[in-house]
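Protein chains in written order, with my numbering: chain A, 1 to 735; chain B, 1 to 452.
Structure follows, in structure tokens:
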């Protein structure tokens, strides 16, 4: 064709081409052709788009796979609260570092095809592990292992701190952490830390709320759908589950946070003072069977998951049995009264013991002629054996079982044990006698306090309650607290008589004079039991000192039980004597718990009890002045220095440095309870101005500042639990 | 009125010398491409201001300011602002931590583009007749500078920096090439040398070849092909003979095919285009995800902003592949809207071209119209999988500064052609060896007459 062109050119070069109008028409025609092709093409494209739209079902699968992912997650776990709504355990939002190991590789497009063990990929993995190790402190080898796992998901670090999260986000933004993601989640948090630690516990511990009511607390498993971006990073959830619909139920316990705190505090002090191994304390409302406090030592903070002692991971109040000792005498006595085998005034002779086949029952202290009430007061084994003999073993067993011994209390805690109470048919006389005063039978603390609550409640048995309300995530109460019908075991008259007998225990001549309160009349019973020795017989060195108190004696409101294991307190004057009785060791703890709890619950003082506000500053001041004078006089005698000079006498009081007469440095009082702070300051002759309650939070002037005798020190106090509420809880937001 | 000048193309020139040749029988004595020869302020004053006698014997009315075309362009631009923002949102947040990054830049470009459009709509298009060749020369120079001074992005060297301003000479070359072709072809059409090979076709193909080679160097096959389509379309419309064009076109396609087969990277692209499903994870990733986006959009779309595919699945979601995101968010309806806009644009362009005063204006307008049409058509074809992937923007809609401004420039010129330009425009004398007549060379405009 090109060959033909020159030939035709001659004709074409001819100027006589088409006229302008013909050219116009030609151009218009040709333009129409071109532009129609163009428009037609556009329409064809639209048709193609329509074809794609119509055939979407063939590719929908790929689109979904590309951009969405599904994961099953558990929704928020319910809260655990005390009876007043104070949160004891809650889920807080947290962030976990996760990764999709398949995408821990270079980001350039060709990297998709690299093998897992390609050096380039491996280098990225090592870099990522290095960075994360630097930021989170997690072990590098551990991180590396997780980063190279098979599959599409692995946790790297759980519960990032806010600072870690911020740093990691910055690194992610800089594309330094391919495949690494931050996932929102929940973490269990116990805002009061050690408070009720073993009772609330963790799900994998024993005998606690978190484990026992797990089915109620835990959130449902729901499937969430999320979106991935082109780099397979998870970017957002589509249908994040609504916690108010799928979250776990919240529990209101019968526990009162304040009583619990006091019980724990006093128990810790009691165990420490008694040089004992550990102890338990239970406070129960006798009218309803509600457990107001259930404390034990050593305390444990469930926020800590590592290095927790095995003993702290179970709730001793329900999972540890011991021989109750003398406290059981009351139950024997109550049964005998109820059966009419004995009256409070009946006379028994404790002299000479009581011979049963195989053994002579004796008392630790010899007694003479006693009334039945006095038998309880002085805790005479001999008399109680005699009373039991009148009652008969079948009856005794029946009553003990009625009181709830020998079986689980049905409080709902997993890990609770039943204790040991054998069939009375198998009781040989020695054992029968022993059981009458509390040996040869094993109980849990909860069983004891529950049995005594019957006496305090006028003879009506109620099962112990730990759960108040169960509230669904949307706020509806699904299981409200209902008081169940009780079961009468003792007549109210008998119950009254028993309480009266117990009240004498705390009077002069009783075994628990130290249990006496200033403004409430205490009824109680001590128990001092030798522990069963695995080698056979009873241990000479291991004891349980316990005390069960019913306060106020006129109309008991609380049953308070404290048991302390193996106290080794030495007598002050005669160190060879070890004080191990319930009256010495456990009774003061019960007293202190009652001292707080009764006014707190609004229980009026016992009639005729001298009102004495222990914390009345005037009274306290007087008492301290008196004590101080005595102590100084004593020291002066020892050191032969004139007190009036204001010189340092004998040993300086702790934490107080006297520099010159009348000049001193302010001691560091932070963390001390008010009473101790006042002790120290008044000792130094400084005035106190305190604000708040609890322990000293801050002081002015600060510790170490020079002051002059008579200066005023201002203290700000805060409750321990308030101090313990960690910042994380605040930052985590209200659950 | 004016004297005979040797300059055929001056609007002021009298009848060309050829037509003065008495041996040539001519029906009309009006200059072919010559309004200056139209002797009539008096006639014009009787005929109302916009009536002109063109180079053929028809009296044509320029369409005037084409508000429809302007509205269509504005509609596309607004769509572009919304969709380029929507499509770039995720990228902007994810990569640059500033969700408005591309929106702000796009709006800035749009502001410049609006200014450009208004400016060019008011510059008489006859100016470009003079400037076409120098502009072509400058564009060639700029393109030649690219390999040496260019800025590389995404493994392509396409940008030149003029101080703080960066632009793509290849984009500008499209409009300049159209101007050049219009200028050259209109002249040749008048002489009828358009129908020869060595005068009518060869020079244009030569220029195209130089431009194309420079573009391929970048590499930018898309622009080369658009220029080729423009070349074929414009020579065809100007009246070139069809057979040589067909021959060259088919031969060219064959060469292109061979070239593609031998270039491994491009041949992979072609296979990915033909069997997209098999290559959906590697070379065909972009196309596959683009098609997924359109399919998942359905008839009415997922809703504005609700695209999933823009989350890093469709690369260049806000530039070349914005149509895919439109398809996903606004559905088939959105795609149809864009297509209808372009078809309408093409129709209005045709209408303007056909009412142009002279052959140059006609061809220029047609060229610009084809530029819009081809660019849109290729973009549609690429996004919907009818053509292998090319880096071509969707005019007025895609994010991209040079493209937007150049397209606005083209639209402005088109509007001005519709308004008839200004036939009396006189450029200051370009450096020319030709002698120009002295004295009053300016014709009083019909408008002046009317105002009297």
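Ideal placement from N, C-alpha and C gives every residue a C-beta, glycine not left out.
Item to complete: For residue 362 of chain B, decide whether its Cβ has a neighbour in chain A, counting only Cβ atoms nearer than 8 Å.
Response: Sequence index remark: in the second chain, residue 362 of chain B carries index 362 (1-based). Chain A contact via Cβ: present.
Discussion item. DSSP has residue 341 of chain B in a bridge; who is on the other side?
Written reply: Along the second chain, read from residue 1 onward, the residue named residue 341 of chain B stands at position 341. Residue 341 of chain B pairs with nothing; no bridge assigned.
Worksheet item: So what does DSSP say about residue 56 of chain B, is it helix, strand or coil?
Response: Position 56 of the second chain, counting from 1, holds the residue named residue 56 of chain B. A caution first: residue 56 of chain B carries a pLDDT of 48, below 50, which makes its placement in the model unreliable, though a value can still be read off. In this structure, residue 56 of chain B counts as coil in the three-state DSSP scheme.
Worksheet item: Hey, is residue 27 of chain A's beta-carbon within less than 8 Å of any beta-carbon in chain B?
Response: Numbered from 1 along the first chain, position 27 holds the residue referred to as residue 27 of chain A. It does: the Cβ of residue 27 of chain A has a partner Cβ on chain B nearer than 8 Å.
Discussion item. On the CB-based measure, 16 or more other CB atoms within 10 Å of its CB, does residue 30 of chain A come out buried or exposed?
Written reply: On the first chain, position 30 is the one that residue 30 of chain A refers to. With 16 or more Cβ atoms within 10 Å of its Cβ, residue 30 of chain A is classed as buried.
Practice prompt. Run the CB neighbour count on residue 587 of chain A, radius 10 Å, all protein chains shown included, and call it buried at 16 or more, exposed below.
Written response: Here residue 587 of chain A refers to the residue found at position 587 of the first chain. Buried is the call here.
Worksheet item: Is it the case that the Cβ atoms of residue 206 of chain A and residue 296 of chain A are separated by a distance below 8 Å?
Response: For this step, residue 206 of chain A is matched to residue 206 along the first chain. For this step, residue 296 of chain A is matched to residue 296 along the first chain. Contact: no.
Practice prompt. Using a cut-off of 8 Å between C-beta atoms, extract the partners of residue 188 of chain B located in chain A.
Written response: Translated into the one-based positions of the second chain, residue 188 of chain B becomes position 188. In chain order: nothing, as chain A lies at least about 10 Å away.
Fill in: Closer than 8 Å at the beta carbon, the chain A residues around residue 74 of chain B
Here residue 74 of chain B refers to the residue found at position 74 of the second chain. The contacting residues do not exist; residue 74 of chain B stays about 20 Å from chain A at best.
Practice prompt. Within its chain, find whatever has a CB closer than 6 Å to the CB of residue 27 of chain B; leave out the 5 residues flanking it on each side and keep chain order.
Written response: What you label residue 27 of chain B is simply residue 27 of the second chain in a count that begins at 1. The predicted model places residue 27 of chain B with a pLDDT of 40, which falls under 50 and marks its position as unreliable, so this point remains unresolved.
Worksheet item: Along the region 149-175 of chain B, what residues have a CB closer than 7 Å to any CB found in chain A?
Response: none
Discussion item. With the cut-off set at 8 Å, would you say residue 563 of chain A and residue 259 of chain A are in Cβ contact?
Written reply: For the purposes of this step, residue 563 of chain A is taken as residue 563 along the first chain, with counting starting at 1. For the purposes of this step, residue 259 of chain A is taken as residue 259 along the first chain, with counting starting at 1. Not a contact, by the Cβ cut-off of 8 Å.
Item to complete: Take residue 714 of chain A and list the residues in its own chain whose beta-carbon comes closer than 6 Å to its own, dropping the five residues that flank it on each side.
Response: Walking along the first chain from the start, residue 714 of chain A turns up at place 714. 689 and 700, listed in sequence order.
Practice prompt. Could you list the residues in the region 63-77 of chain A with a C-beta less than 7 Å from some C-beta on chain B, going in chain order?
Written response: 63, 66 and 67
Practice prompt. Would you mind reading off the limits of the alpha helix (DSSP H) that contains residue 91 of chain A?
Written response: The count along the first chain starts at 1 and reaches residue 91 of chain A at position 91. Looking at the DSSP string, residue 91 of chain A is not in any alpha helix (DSSP H); the run it does join, the beta strand (DSSP E), is 87-99.
Worksheet item: For residue 163 of chain B, does the count of other Cβ atoms within 10 angstroms reach 16, so buried, or fall short, so exposed?
Response: The count along the second chain starts at 1 and reaches residue 163 of chain B at position 163. Classification for residue 163 of chain B: exposed.
Item to complete: Determine the chain A residues that contact residue 386 of chain B at a beta-carbon separation under 9 Å, and present them in chain order.
Response: For the purposes of this step, residue 386 of chain B is taken as residue 386 along the second chain, with counting starting at 1. The answer, in chain order, is 41, 44, 45 and 48.
Worksheet entry | Under 8 Å between C-beta atoms of residue 400 of chain A and residue 419 of chain A | Locating residue 400 of chain A in the first chain gives position 400, where the first residue counts as 1. Locating residue 419 of chain A in the first chain gives position 419, where the first residue counts as 1. No, the pair does not count as a contact, with Cβ atoms beyond the cut-off.
Practice prompt. Would you grab the beta carbon distance between residue 190 of chain A and residue 220 of chain A for me? Rounded to a whole angstrom, and I think it's under 8 Å.
Written response: Locating residue 190 of chain A in the first chain gives position 190, counting from the first residue. Locating residue 220 of chain A in the first chain gives position 220, counting from the first residue. So it is not a contact: roughly 23 Å between Cβ atoms.
Item to complete: For residue 560 of chain A, write down the residues that DSSP places opposite it in a beta bridge.
Response: For the purposes of this step, residue 560 of chain A is taken as the residue at position 560 of the first chain. Paired residue(s): A/283 and A/549.
Practice prompt. Could you check which residue in B/61, B/107 and B/273 has the C-alpha nearest to that of residue 381 of chain B?
Written response: Here residue 381 of chain B refers to the residue found at position 381 of the second chain. Cα-wise, what sits closest to residue 381 of chain B is B/273.
Discussion item. In this structure, how does DSSP classify residue 154 of chain A when only helix, strand and coil are distinguished?
Written reply: The residue you call residue 154 of chain A lines up with position 154 of the first chain. In the structure shown, residue 154 of chain A sits in a strand (DSSP, three-state: E or B).
Worksheet item: Since residue 713 of chain A meets chain B, which of its residues come closer than 9 Å, beta carbon to beta carbon?
Response: Sequence index remark: in the first chain, residue 713 of chain A carries index 713 (1-based). Under the 9 Å cutoff, chain B gives no residues; its nearest Cβ is about 53 Å from residue 713 of chain A.
Fill in: Residues of its chain near residue 167 of chain A, where Cβ-Cβ distance is below 8 Å and the 5 sequence neighbours each way are ignored
Position 167 of the first chain, counted from the first residue, corresponds to residue 167 of chain A. Only 135 meet the Cβ criterion.
Worksheet item: Buried or exposed: where does residue 243 of chain B fall if 16 or more other Cβ atoms within 10 Å of its Cβ makes it buried?
Response: For the purposes of this step, residue 243 of chain B is taken as residue 243 along the second chain, with counting starting at 1. Exposed is the call here.
Practice prompt. Pull out every residue of the region 331-355 of chain B whose Cβ sits closer than 7 Å to any Cβ of chain A, in chain order.
Written response: 332, 335, 336, 339, 342, 343, 346, 350, 353 and 354
Discussion item. Cutting at 6 Å between CB atoms, please list the residues of its own chain near residue 18 of chain A, excluding the five before and the five after it.
Written reply: Here the question's residue 18 of chain A lines up with position 18 in the first chain. Taken in chain order, the list of residues that qualify is empty.
Worksheet item: Tell me which same chain residues have a C-beta within less than 8 Å of the C-beta of residue 337 of chain B, skipping the five on either side of it?
Response: Numbered from 1 along the second chain, position 337 holds the residue referred to as residue 337 of chain B. So the list reads 79 and 330, once near-sequence residues are dropped.
Worksheet item: Going along the region 227-242 of chain B in order, which residues come within less than 8 Å of chain A, judged by CB to CB distance?
Response: 233, 236, 237, 238 and 239
Worksheet item: Beta-carbon of residue 57 of chain B versus every beta-carbon of chain A: anything under 8 Å?
Response: Translated into positions along the second chain, residue 57 of chain B becomes position 57. The predicted model places residue 57 of chain B with a pLDDT of 46, which falls under 50 and marks its position as unreliable, so this point remains unresolved.
Practice prompt. Would you mind working out which of B/303, B/235, B/177 and B/180 sits nearest residue 197 of chain B, comparing C-alpha positions?
Written response: By 1-based counting over the second chain, the position of residue 197 of chain B is 197. Selected option, being the one with the closest Cα: B/235.
Practice prompt. Compare the beta carbon distance of residue 70 of chain A and residue 311 of chain B with 8 Å and say whether it is the shorter of the two.
Written response: What you label residue 70 of chain A is simply residue 70 of the first chain in a count that begins at 1. What you label residue 311 of chain B is simply residue 311 of the second chain in a count that begins at 1. No, these two residues do not count as a Cβ contact at 8 Å.
Worksheet item: Does any C-beta atom of chain B lie closer than 8 Å to the C-beta of residue 55 of chain A?
Response: To locate residue 55 of chain A, count along the first chain from 1; it is residue 55. Yes, its Cβ sits closer than 8 Å to a Cβ of chain B.
Discussion item. According to DSSP, is residue 743 of chain A part of a helix, a strand, or is it coil?
Written reply: Absent from the structure is residue 743 of chain A, since the part of chain A shown begins at 1 and ends at 735.
Practice prompt. Decide if the region 282-298 of chain A is in contact with the region 545-562 of chain A; the criterion is three or more beta carbon pairs, one per stretch, under 8 Å apart.
Written response: yes
Item to complete: Could you check the C-alpha separation between residue 201 of chain A and residue 408 of chain A for me, to the nearest Å?
Response: Here the question's residue 201 of chain A lines up with position 201 in the first chain. Here the question's residue 408 of chain A lines up with position 408 in the first chain. Rounded to whole angstroms, residue 201 of chain A to residue 408 of chain A spans 20 Å at the Cα level.
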